[in-house]
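For reference, the structure is listed below as structure tokens.
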Amino acid sequence: MELDTLFKIWDPSKGLKLGPITLHFYSLMFVFAFGFGYILMTRIFKIDNVNQKYLEPLFTWTLIGTILGARLGHVIFYQPELFKEDFWSVFLPISTKNGLKFTGFSGLASHGATIALIFTTLYYSFKIIKKNPLWVYDRLGIVIALGGAFVRMGNFFNSEIIGKPADPNSPFALLFPQQSSEYGPTVPRYPSQLFEAIGYVALFVLLWILYRKTNKKYQQGWLFGLFFIILWAIRFFVEFLKEPQGDEFIQIGSLNTGQVLSIPFMIAGVVIMLVSKKFKITEEENEKPE
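Numbering-wise, the sequence shown is residues 597 to 886 according to the working numbering.
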């Protein structure tokens with residue numbers, strides 16, 4: 597099939613061969629997400645004059661919330677049958693359904709990660725750094741926007757979360773020979789992972805500029821509310837171009853599970869921005885050493 601596109605066919609290797617070990621690109625993108633996130637948060641803590649001793653526990657709780665929440669979110673929202681059919685695969689990167697086998701985690705959901713991060717960050721805010729949780733959320737949102745772009749690039753390398761069939765003459769049409777058989781025949785599709793990744797990079801740039809060049813970081817919750825609105829709006833609209841992810845257990849009209857779950861987060865973002873004016877702090881209060 598001839599396609600007049602930039603990529604034509606997306607058929608990359610699974611990862612980097614390091615002797616007998618293959619470093620999968622998806623795993624590498626996760627490492628990049630947390631690695632660059634750590635570096636970026638280090639910079640943010642320096643700007644805000646926050647003791648670096650609070651950085652490591654933030655990284656730890658963010659990692660726990662992301663992995664555990666994303667995995668549970670996927671199983672609950674898209675694959676609940678695993679609780680009965682292969683219980684241990686929910687929590688461990690193995691399958692016991694047809695004998696013990698290492699599989700890695702093949703399903704992670706951003707909605708689940710977000711919910712878990714809200715709770716782990718609450719604990720971190722009240723028990724460890726002892727700052728208003730909105731202060732932490734404002735800064736964490738900047739990092740998560742960039743991390744989300746890396747994760748979607750990992751999906752792109754894995755040929756997963758692919759887009760719906762596209763017109764072969766579209767400049768965006770792309771073949772995914774490695775796509776899962778559940779999507780049917782290999783036909784030109786939208787690279788929805790790239791659309792989402794580009795959106796998240798743009799969101800990161802916007803949040804970083806607002807954080808560095810305006811006083812909005814002193815209005816605790818404002819940046820976080822904006823982050824919620826834009827991030828989930830990107831997810832909502834890109835979903836129109838995506839194939840369903842597993843079984844769609846939650847649907848309203850033509851909206852799929854991802855879109856339905858995104859709506860409450862967008863509404864929450866609006867509410868958070870509205871109430872953020874009650875949590876303004878001065879520059880001196882923001883930079884007060886712990």
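Virtual Cβ for every residue (Gly too), placed ideally from N, Cα, C.
- Secondary structure in the stretch 745 to 832: the alpha helix (DSSP H) runs of 4 residues or longer, each lying completely within the stretch, are 788 to 809 in chain order.
- Taking C-beta atoms as the reference points, residue 710 and residue 861 count as a pair closer than 9 Å.
- Taken atom to atom, the span from the alpha-carbon of residue 738 to that of residue 871 is near 20 Å.
- Taking all protein chains in view, the Cβ of residue 824 is crowded by 16 or more other Cβ atoms within 10 Å, so the residue is classified as buried.
- In this structure the stretch 665 to 674 does not lie against the stretch 782 to 802, because fewer than three pairs of beta carbons, one per stretch, are closer than 8 Å.
- Judged by DSSP in its simplified three-state form, residue 605 adopts strand.
- The beta carbon of residue 708 sits closer than 6 Å to those of 665, 666, 668, 669, all from its chain and outside the five residues before and after it, given in chain order.
- Counting of Cβ neighbours within 10 angstroms places residue 874 among the exposed residues, the total staying below 16.
- In the displayed model, residue 704 falls within coil according to three-state DSSP, outside both helix and strand.
- With at least 16 other beta carbons inside 10 angstroms of its own, residue 720 counts as buried.
- Secondary structure note for residue 617: its beta strand (DSSP E) is the uninterrupted segment 617 to 620.
- Cβ neighbours of residue 840 within its own chain (closer than 7 Å, five residues either side excluded): 852.
- Beyond the five residues adjoining it in sequence on each side, residue 868 comes within less than 7 Å, by CB distance, of 817, 820, 821, 824 in the same chain, given in chain order.
- Residue 770 and residue 850 have their C-alpha atoms some 25 Å from each other.
- A contact between stretches requires three or more CB pairs, one per stretch, nearer than 8 Å, and the stretch 618 to 635 meets this requirement with the stretch 743 to 757.
- Counting only runs that start and end inside the stretch 651 to 689, the alpha helix (DSSP H) elements of at least 4 residues fall at 651 to 674, 678 to 681, 684 to 687.
- About 17 Å separates the Cβ atoms of residue 803 and residue 864, ruling out a contact at the 8 Å cut-off.
- With 16 or more other Cβ atoms inside 10 Å of its own Cβ, residue 827 counts as buried.
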